[in-house]
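Enquirer: The structure is given below, and queries will be raised subsequently.
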Amino acid sequence: MGDCGQRVEGDDPEKRAVRQRLTVVARRLDASWGVRERGLGVPGFSAHADYCSSWWIRRLLPAPGLPTILSSFCLARLLAVLPVEMAAALAGKLRGGLLPQAGRLPTRQTVRCGSKAVTRHRRVMHFERQKLMALTEYIPPKPAVNPRCLPCPPSPPQEDTGLIRLLHREIDAVFRDNRMIAVCQNVALSAEDKLLLRHQLRKHKILMKIFPNQVLKPFLADSKYQNLLPLFVGHNLLLVSEEPKVKEMVRILKGVPFLPLLGGCIDDTILSRQGFINYSKLPSLALVQGELAGGLTFLMAQTHFLLQHQPLQLTALLDQYIRQQRERDAVVPASGQPDPPDPVPDS
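If you're matching positions, the sequence shown starts at 3 in the numbering used here and goes up one per residue.
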């Protein structure tokens, strides 16, 4: 700091006091931050890096910044660069920036959170007390019968919720109002494929119904459709229609091979998958009714012939008999006695 004093003209006590104050501040900061001499001839330091890494200065900072002059010059060489008046003003600014003024708290303040000085540990029990506690420990008697061998206590009956009752009514209406009920495996179809399949079935008035098995199985167990229970394993869906549209349903399901048909019932008759296929090969009801009407019309057209068949046959037989008698009368034997008449054959 002697070189710094040579640049100051005169020997003013005020200037000397400023120099001494800056020198003391530089030495304190140098001692606090542990900076070594770096070939500058005087104790120096990199103000920005060391200033920000010092907890003693960091907790006094009002903001996370630092005047730019500290990043370029050493605090100990301020007097060598600036006149005493500017150095004193800068020291005042630094002092006012580093130390908060009275009645005003800094905007940011770092608090050191170290470990606690006292760590509570559970007190170790004395060895004699451990033996005493082990001897006096309560051991409950074993039960006469293993609890696992006892029957489970009866669980209270669960009341059906409103949703369960609503589903029961819907299932009852489906099995009562529809003549054809087919059971299919509900595979993981995409939403688009399922919507397209539902639309194709609805064209033929075939509806797709999905009910949970925990509601459907109790209904089937108490109804006449209890033989359908083996079909409801896993996720299922129902294809129902008021009229047995089996041919249309089988034709649509052939286009969706990954949706298997398990079975079902038609007019209260249980059919398997092959039964549905055979049923679809039968002629339609309209065709059978037409054939029946044609047969009845043909028989009615022959009614006139059937009514006149017996009288015409009798008339023909009588004409033949009269002709035979005339021929016999024309040929008379020599004795003059006619031959006995031939017996009339039964008609």
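The beta carbon of each residue, even a glycine, is placed where N, CA and C say it ideally should be.
Determine, using beta-carbon pairs with one atom in the stretch 223-232 and one in the stretch 146-158, whether at least three such pairs fall under 8 angstroms.
Expert: no
Enquirer: Return the CA-CA distance between residue 389 and residue 138, expressed in angstroms with no decimal places.
Expert: It is not possible to answer for residue 389, since the shown part of the chain is limited to 3 through 349.
Enquirer: Any idea what DSSP makes of residue 163, helix, strand or coil?
Expert: coil
Enquirer: Is residue 120 buried or exposed, if buried means 16 or more other CB atoms sit within 10 Å of its CB?
Expert: exposed
Enquirer: What whole-angstrom Cβ distance do residue 147 and residue 260 have, given they're in contact under 8 angstroms?
Expert: Wrong, their Cβ atoms sit about 54 angstroms apart, outside the cutoff.
Enquirer: Between residue 194 and residue 296, what straight-line distance do the alpha-carbon atoms span, to the nearest angstrom?
Expert: 47 angstroms
Enquirer: How many Å lie between residue 171 and residue 275 at the Cα?
Expert: 28 angstroms
Enquirer: By DSSP, does residue 186 sit in helix, in strand, or in coil?
Expert: strand
Enquirer: Please identify the residue among 205, 224, 184 whose C-alpha is closest to the C-alpha of residue 212.
Expert: 184
Enquirer: Would residue 258 and residue 209 qualify as a contact pair, given that the criterion is a beta-carbon distance under 9 angstroms?
Expert: no
Enquirer: Which residues mark the beginning and the end of the alpha helix (DSSP H) in which residue 292 is found?
Expert: 287-303
Enquirer: Taking 8 angstroms as the threshold, find out whether the stretch 239-256 comes into contact with the stretch 279-290 through three or more Cβ pairs.
Expert: Result yes; three or more Cβ-Cβ pairs closer than 8 angstroms.
Enquirer: Here's the rule: buried if 16 or more other CB atoms are within 10 angstroms of the residue's CB, otherwise exposed. What is residue 126?
Expert: exposed
Enquirer: Report the option in 181, 290, 177, 206 whose CA atom is closest to the CA atom of residue 224.
Expert: 177
Enquirer: Could you name each continuous alpha helix (DSSP H) segment of 4 residues or more that falls completely within the stretch 189-225, going from the start of the chain to the end?
Expert: 193-205, 215-223
Enquirer: Can you tell me the Cα-Cα spacing of residue 136 and residue 130, whole angstroms?
Expert: 10 angstroms
Enquirer: Measure the alpha-carbon distance for residue 324 versus residue 308 and round it to whole angstroms.
Expert: 26 angstroms
Enquirer: Going by beta-carbon coordinates alone, are residue 264 and residue 187 separated by less than 9 angstroms?
Expert: Contact check for residue 264 against residue 187 passes: the beta carbons are separated by less than 9 angstroms.
Enquirer: Please state the DSSP three-state secondary structure of residue 324.
Expert: Residue 324 falls in the helix class under three-state DSSP.
Enquirer: Quick one: what does DSSP say residue 120 is sitting in, helix, strand or coil?
Expert: coil
Enquirer: What are the boundary residues of the alpha helix (DSSP H) that includes residue 277?
Expert: 275-283
Enquirer: Less than 9 angstroms between the beta carbons of residue 181 and residue 244, yes or no?
Expert: yes
Enquirer: Look at the alpha carbon of residue 304 and the alpha carbon of residue 293, and state the distance between them as a whole number of angstroms.
Expert: 17 angstroms
Enquirer: Between which two residues does the alpha helix (DSSP H) harbouring residue 252 extend?
Expert: 248-256
Enquirer: Quick check on this structure: which residue in 175, 203, 168, 26 has the alpha carbon closest to the alpha carbon of residue 255?
Expert: Closest by alpha carbon: 203.
Enquirer: Does the beta-carbon of residue 236 have 16 or more other beta-carbons within 10 angstroms, so that it is buried, or is it exposed?
Expert: Exposed.
Enquirer: Can you tell me the Cα-Cα spacing of residue 329 and residue 320, whole angstroms?
Expert: 14 angstroms
Enquirer: Which partner residues of residue 240 appear in the DSSP bridge assignment?
Expert: 185, 211
Enquirer: Whose C-alpha, out of 132, 270, 191, is nearest the C-alpha of residue 179?
Expert: The shortest C-alpha separation from residue 179 is found at 270.
Enquirer: Name the DSSP beta bridge partners of residue 263, please?
Expert: 186
Enquirer: How would you label residue 26, buried or exposed, when you count the other beta carbons within 10 angstroms and need 16 or more for buried?
Expert: exposed
Enquirer: Based on the DSSP secondary-structure assignment, which residues constitute the bridge partners of residue 351?
Expert: Limits of the chain in this structure are 3 at one end and 349 at the other, which puts residue 351 out of reach.
Enquirer: Grouping DSSP H, G and I as helix and E and B as strand, with all else coil, what is residue 176?
Expert: helix
Enquirer: Cα separation between residue 169 and residue 219?
Expert: 12 angstroms
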